[in-house]
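Be aware that the sequence shown starts at 18, since it is given in this note's numbering, and climbs by one per residue.
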Amino acid sequence: MELILWRHAEAEPGEPDEGRVLTGKGHKQAWKVADWLDRNLPGSCRILVSPATRTVQTAEALGRKFKIHPDLAPEATAEQILAAAHWPDNRESVLIVGHQPALGQIAAMLMGFEKQEWSLRKANVWWFAQRERNNVVGTYLRAVIAPDLLTK
């Protein structure tokens, strides 16, 4: 299984939090990363998105079908998100479009650090995968992508 964490792109400040929209820069970030993801994601990748407007707009840049999942809302915990993705028991690839601090907490957990507050920057992707060697399943970091490192 692969678990891909994509933090939403830059959004405008405001209230209510769930209604915040992407800035012009945020749209550009989302398009750049979406272009890279579209070239690299497996065709069968399941895409789960927070119900917040900024995450939906980020996911829309990808141009693929996705499911809005209430357990990925801004106040979701790392445990809720992992349960929604069925990690680590699911055998398919899952892309999560979500928020801090939960995505950073998941990244820290998957890297072997418990209860740490890591920050995933806006529009960044952290791609984790599992592999089995000698009947032992391990998780590894496959890629980290930032929109400012991509050209388009």
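Backbone N, C-alpha and C define an ideal beta-carbon position, used for all residues, glycine too.
A contact between stretches requires three or more CB pairs, one per stretch, nearer than 8 Å, and the region 50-66 meets this requirement with the region 105-120.
For the beta strand (DSSP E) assignment, the uninterrupted runs of no fewer than 3 residues enclosed by the region 57-113 are, from N- to C-terminal side, 63-66.
Bridge partners of E19 according to DSSP: A146. When DSSP states are grouped into helix, strand and coil, V153 belongs to the strand group.
Its chain contains E134, W135, S136, L137 as the residues whose beta carbon lies nearer than 7 Å to that of G121, once the 5 sequence neighbours on both sides are disregarded; these appear in chain order. No residue range can be given for Q117, since it is assigned to no alpha helix (DSSP H) and is classified by DSSP as neither H nor E.
By the beta-carbon neighbour count (other beta carbons within 10 angstroms, threshold 16), A140 is buried.
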